[in-house]
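The numbering used here applies: residue 10 is where the sequence shown begins, and numbers increase by one. Every residue, glycine too, gets a C-beta built ideally from N, C-alpha and C.
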Amino acid sequence: MSFLSCSCGCFIAVKEVSLLDKGSQGVQRVYQLEQEIALLSQFEHQNIVQYYGTAKILAIYSESLDTSYLCWFDTW
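So, in structure tokens, the structure goes:
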């Protein structure tokens, strides 16, 4: 997972997945990514990380949580 600043001046999270495996595991990974993208694109709520889109390199772009939220999740 990496982070970058988009044109709006905010930071976004970028998920990168290797698709080098051409066998059955590679096919399964592509299917799982397609399912994740379909699911993420349906969410629109203030308490859910916003999905921004997917590039042709199969990177998933979403908003990045403030690190103070991560401390809250560690207590669960």
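According to the DSSP assignment, I21 belongs to the beta strand (DSSP E) that extends over 20–24. With a beta-carbon spacing of about 12 Å, V58 and S50 fall beyond the 8 Å limit used to define contacts.
Ranked by Cα distance from K24, the first of E45, D30, Q37 is E45. Rounded to the nearest whole angstrom, the C-alpha separation of K31 and V39 is 10 Å. Between the alpha carbons of E43 and N56 lies a gap of roughly 23 Å.
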